[in-house]
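Colleague:
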Amino acid sequence: MLKINKSYVFDQNKQAIAVQIPIAEFERIEQLISKFGLDQILESDAEDAWLNQDLSRLSEYDAYEWQAGELGSGKPVNYVEGVGLVIGEE
Numbered sequence: 062m063l064k065i066n067k068s069y070v071f072d073q074n075k076q077a078i079a080v081q082i083p084i085a086e087f088e089r090i091e092q093l094i095s096k097f098g099l100d101q102i103l104e105s106d107a108e109d110a111w112l113n114q115d116l117s118r119l120s121e122y123d124a125y126e127w128q129a130g131e132l133g134s135g136k137p138v139n140y141v142e143g144v145g146l147v148i149g150e151e
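Just so you know, we're using the numbering used here here: the sequence shown kicks off at 62 and counts up by one.
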């Protein structure tokens with residue numbers, strides 16, 4: 062296990078709000094994150110954060126009316142049991 066020399070930062074209510082670590086240890090953690098590809102996973106999670114947003118007020122907005130031809134044509138998508146979604150040819 063990686064030993065991290067950390068110091069906690071507390072607010073006026075004595076609640077831990079941050080952790081300080083030596084820069085050399087921080088850089089080592091960055092290297093490990095990159096080495097094992099975890100940086101890509103973390104970036105992917107950030108990109109998907111919008112999926113977890115509160116949509117309870119979505120009905121307050123006007124629906125968007127798509128215009129004819131605005132979406133263009135795409136390929137058909139079919140569900141195949143045991144396989145999942147399959148994108149077909151036109």
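By construction, the Cβ of each residue, glycine as well, lies at the ideal position given by its N, Cα and C atoms. Small disclaimer: the values here were computed from a predicted structure and weren't measured.
(1) Would you identify the three-state DSSP class for residue 87, choosing helix, strand or coil?
(2) Which value, in whole angstroms, describes the spacing of the CA atoms of residue 78 and residue 68?
(3) Which same chain residues end up closer than 7 Å to residue 86 when comparing Cβ atoms and leaving out the 5 residues on each side of it in sequence?
(4) May I have the straight-line CA-CA distance separating residue 74 from residue 99, to the nearest angstrom?
(5) My guess is that residue 137 and residue 149 are in contact by the Cβ rule of under 8 Å, so how many angstroms apart are they, rounded?
(6) Could you tell me the boundaries of the beta strand (DSSP E) in which residue 129 lies?
Modeller: Let's see:
(1) Locating residue 87 in the sequence shown gives position 26, where the first residue counts as 1. Three-state DSSP puts residue 87 in a helix.
(2) Here residue 78 refers to the residue found at position 17 when the sequence shown is read from its first residue. Here residue 68 refers to the residue found at position 7 when the sequence shown is read from its first residue. Their Cα atoms are separated by approximately 11 Å.
(3) Counted from its first residue, the sequence shown places residue 86 at position 25. These residues qualify, in order along the chain: 65 and 66.
(4) The count along the sequence shown starts at 1 and reaches residue 74 at position 13. The count along the sequence shown starts at 1 and reaches residue 99 at position 38. Looking at the two C-alpha atoms, the distance is approximately 34 Å.
(5) Translated into positions along the sequence shown, residue 137 becomes position 76. Translated into positions along the sequence shown, residue 149 becomes position 88. With a Cβ gap of about 4 Å, residue 137 and residue 149 count as contacting.
(6) Residue numbering aside, residue 129 sits at position 68 when the sequence shown is read from its first letter. Run containing residue 129: none; DSSP gives neither H nor E here.
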